[in-house]
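Engineer: Using UniProt numbering, read the sequence shown as starting at 1 and increasing by one per residue.
Where a beta carbon is used, it is the ideal one built from N, C-alpha and C, also for glycine.
Quick caveat: nothing in here was measured; it's all calculated off a predicted structure.
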Amino acid sequence: MDEKFQVSEKTKIAFAAAEQTVANAGLALMNNQYISSGASWVTGAFNKAASAAVELSQKAKEKVVKTEDDQRRTMVEDYAKVHLSESDTPKKAEQDAELPASKAKPPVEGLIL
């Protein structure tokens with residue numbers, strides 16, 4: 001009797017026999033042509049799936065970057081339109097003042113509220 005694990009000799013022999021049987025079965029499976037080809041096929045399928053996932057994530061990342069760039073560009077263009085049109089207003093007033101009297105706009109007449 002094993003004092004540490006409290007296992008009898010018969011139990012030890014049974015475990016050793018089971019271990020040997022499992023080892024033999026594993027060896028038989030590894031030497032089986034069908035098992036090997038099946039395992040190879042599964043490995044190939046996993047590799048293809050992993051490659052597809054990497055490619056898909058790369059394309060998704062590129063799409064997100066492009067969308068963010070487009071949004072940034074649109075925001076800058078809108079900002080420029082608003083602020084450049086505001087800064088052009090005083091320049092137009094100066095240009096209108098420099099025009100000869102024939103090209104100048106006539107003064108507004110009537111009641112202005």
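Give the C-beta separation of Ile35 and Leu29 to the nearest angstrom, bearing in mind that I take them to be a contact with Cβ-Cβ under 8 angstroms.
Structural biologist: 5 angstroms
Engineer: What does the alpha-carbon distance come out to for the pair Ala52 and Val42?
Structural biologist: Using only the alpha carbons, I get a separation of about 15 angstroms.
Engineer: Grab the span of the alpha helix (DSSP H) containing Asn24 for me, first residue to last.
Structural biologist: DSSP places Asn24 in the uninterrupted alpha helix (DSSP H) bounded by 9 to 31.
Engineer: Can you tell me the Cα-Cα spacing of Lys59 and Gln71, whole angstroms?
Structural biologist: 18 angstroms
Engineer: Measuring only the C-alpha atoms, how far is Glu62 from Glu68?
Structural biologist: 10 angstroms
Engineer: Would you mind listing the alpha helix (DSSP H) stretches within the region 39 to 85 that are 4+ residues and don't spill past its ends, in chain order?
Structural biologist: none
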